[in-house]
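Residues in the sequence shown are numbered consecutively from 61, following this note's numbering.
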Amino acid sequence: MKTKTYSTLFILLTTALMLPSCNVKYDTVTFSAAGTMPAVKTPIPSIEINTNVTAGMTGGAVKSNKPYGIRAYYIDDTFTFASAEFTKVTVTYADGTTDPGVSALKLPMSFKNSLYEASNSMAGGVVVVKKSRIIRAEFADAISRDEAFTLQIEGKFTKDDGAVIPFAIKEKYEISRDKRTESWADFVSGC
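Here is the structure:
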């Protein structure tokens, strides 16, 4: 029994001494919309760029991994939207070329709604759960370059009653890079 206790103590002590001295190297990119889209009277999906970030836990690298994906989603608090159909998705770089990843998409693509619950803790320990519908679309491997681009998306929402609401998005995305090194302790404290 004492050997097991000493072994466990040795492992814990070694880990405590080694891990804080490890460094974490960042090599990530972030795409953010340049400016704001003009106000629209019809609903449009929200857009996120997924840069497939992976992280080493005991030192190592936090990095973005190409090709990147595009996520579109719409939260329906009215419980009336049945689905969304995407008929056009285009990523165009400054040199005028279109990304081959989006060219490979088999459009149109349709996505149905699902139930969405958001929990919020309030004072006094009360938890408020808000329910709505969400329509999620994922376009994997759509962005293959670490460059600014213009994203165009067109499609339509279909409501439960059969009504169709078209949407169009045209937004320019800028890129920022994070290339830095920090200690493992700083990395863990930021989680």
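We treat Cβ as the ideally placed atom computed from N, Cα and C, and that holds for glycine. Owing to the predicted nature of the structure, the values given are computational and were not obtained by experimental measurement.
Beta-bridge pairing of residue i - partner residues as DSSP gives them
i	result
L211	V151 and E231
I104	DSSP, once it has assigned bridges, lists no residue as partnering I104.
D87	K123
D238	T88
K191	E177
M169	F146
T114	K123
V162	Paired residues: none, contrary to the question.
Contact check, residue i vs residue j, beta carbons under 8 Å
i	j	result
I107	I135	no
I229	I104	yes
T111	V89	yes
D159	S204	yes
G215	F141	no
T157	Q212	no
K191	E207	no
V187	S179	yes
A93	E242	no
T102	F227	yes
Nearest to residue i (by Cα), restricted to the options the options
i	options	result
A144	Y153, I195, A178 and G185	I195
V122	D137, A142, F91 and V84	V84
K166	A202, V100, G185 and L175	A202
D137	E242, A223, K219 and E231	K219
M169	A197, V224, E242 and V186	A197
I225	V100, G120 and Y153	V100
A164	A154, D155, K148 and R193	K148
Y128	F217, S181, D221 and F91	F91
G120	D221, Y86, D155 and I235	Y86
Classification of residue i by the beta-carbon crowding that lies within 10 angstroms, buried from 16 upward
i	result
A132	buried
N173	buried
A183	exposed
R240	exposed
F171	buried
F139	exposed
V162	buried
R237	exposed
M61	Here the model assigns M61 a pLDDT of 49, short of 50, so the residue's position is not dependable, and the following value carries that caveat. So M61 counts as exposed.
Supposed contact pair residue j and residue i - C-beta distance, whole angstroms, cut 8 Å
i	j	result
Y233	F209	6 Å
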